Each structure stands twice: as C-alpha cells, then as structure tokens.
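Following: one structure in structure tokens, then a few remarks.
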Amino acid sequence: MKGPDPLARRLAAGDPCAPRELVESLHSELYRYARSLLRDAPAAEDAVQEAFEKAFVALGKYSYERIEILSLRPWLYRITLNVVRNAWRDGRREVPMAETPEGGGQSGKTAGSTPGTEREAWLDTLEAIGRLAERQRVAVTLRYFEDLPYAEISGITGWPENTCKTLVRRGVRRLGVLMDESSGKGGL
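When we follow full-length UniProt numbering, the leftmost residue of the sequence shown carries the number 1, and every step to the right adds one.
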C-alpha cells in the first residue's frame, strides 16, 4: 500500500504551485482516457477541463485532513468518468470514426500489415468498443487503453475488483464476437 500522496499534502497545505502540477501530471492521461471513451478529441478535452474544474471546486470545500489523504489519480479518473457519463447521457458525444489516437495507437506491427490495414483494424476495434455495454466499455478501456491494474480500476469505478475482472473478461469476449461479426466471420 502506498503512503500519502505528496502532491495531496501540498494541495492541503495551500502550496500555490500544487494545482498546476496536478494538472500537468495528469492531464495527458485523463485526456487519453476520455478520448478513448468519447472517441472525439474536442469532447475529450472539454471533459477533462470540466473534470479539473469539478475537482478544484471540490477541493475548495474539503477539509485539510480530507485533502491530505486523497488519492488524487483515482479520484480524478472517477471525476472524469462521471463527466463522460454525463456527456453520454446528455447525448453530447459525437463519434467521428476517422480519428485515431496520436501516434497510431498500435504498439507493434504485424507481419504483412500496412498502415492502411492497421488503421482499419484500429477503427474496427474502436467501433466495437463503442458497442459494448457501458460498464464493459469502461473496464476494458481502463485495463487496456490506460494499462491500469484491477485494484486501481476498482478504486476509480467503485466496483469490486472481481467485478472489474469479470467485466474486462466479458468485454474482451464480446469484442471478439463483435469483431468477427464486422469481418463477416461470425454471421449466419
């Protein structure tokens, strides 16, 4: 178990540099997370901005003791997830399928693959992830896009760790079915 977050202690103590450091340390990963869920760069940026705004408003209401023991990273992921859920509920998300993550999103190339086929496979994967049930989509995204351990996924979502494992396993299985259907392999 990790000790108290030094940045949380600095925020609690009123260090004027701490808020900027918080944003700088977590902005890019929260943006990547929101973008993988929303699949829209401007909507993801808006979601992260709103998450930080909500976080700073909440910090202004928290006691010194509460801020000092706060696990900032999971707390901000949870706030970002809530903002994304609100966007889904409000119908504010758009899904431009032509977008891929910066850097291509793929860590390795397969033999005989071309950039066009990799991009097509990536877009198929994004489309399939968008068709998962919300809880599966969130769990799979946190596990495979953000590479988070199950304990941290549990802390972010508030779901028991075994539930997170089950959601990821079922989500990956469902992704396989959806990918087979989209490639014409799993039909009648």
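Every residue, glycine too, gets a C-beta built ideally from N, C-alpha and C.
In this text, all values refer to a predicted model and were calculated from it rather than measured experimentally.
*Which class does P19 belong to by DSSP, given the choice of helix, strand or coil?*
helix
*asked:* Tell me which residue opens and which closes the alpha helix (DSSP H) that S182 is part of.
replied: 161-182
*How should F56 be labelled, buried or exposed, when 16 other C-beta atoms within 10 angstroms of its C-beta is the threshold for buried?*
exposed
*What are the start and end residues of the alpha helix (DSSP H) that includes T157?*
150-157
*Kindly indicate which three-state DSSP category L30 falls into: helix, strand or coil?*
helix
*asked:* For T166, tell me which candidate among E181, R143, L59, D147 has the shortest Cα-Cα distance.
replied: R143
*Report the rounded CA-to-CA distance for residue 268 versus I156, giving the unit in angstroms.*
An answer regarding residue 268 cannot be provided, because it is not within the stretch 1 to 188 covered by the chain.
*Return the chain-ordered list of same chain residues with a C-beta closer than 7 Å to the C-beta of I67, the five sequence neighbours on each side being excluded.*
A8, L11, A12, L59
*asked:* Using CA atoms only, rank isn't needed, just tell me which of L76, S154, P6, E161 is closest to E50.
replied: L76
*By a C-beta neighbour count over all protein chains shown, 10 Å radius and 16 as the cutoff for buried, is Y62 buried or exposed?*
exposed
*Could you tell me how far apart the beta carbons of E45 and Y31 are, in whole angstroms, since I believe they sit closer than 8 Å?*
6 Å
*Decide if the segment 133-141 is in contact with the segment 15-25; the criterion is three or more beta carbon pairs, one per stretch, under 8 Å apart.*
no
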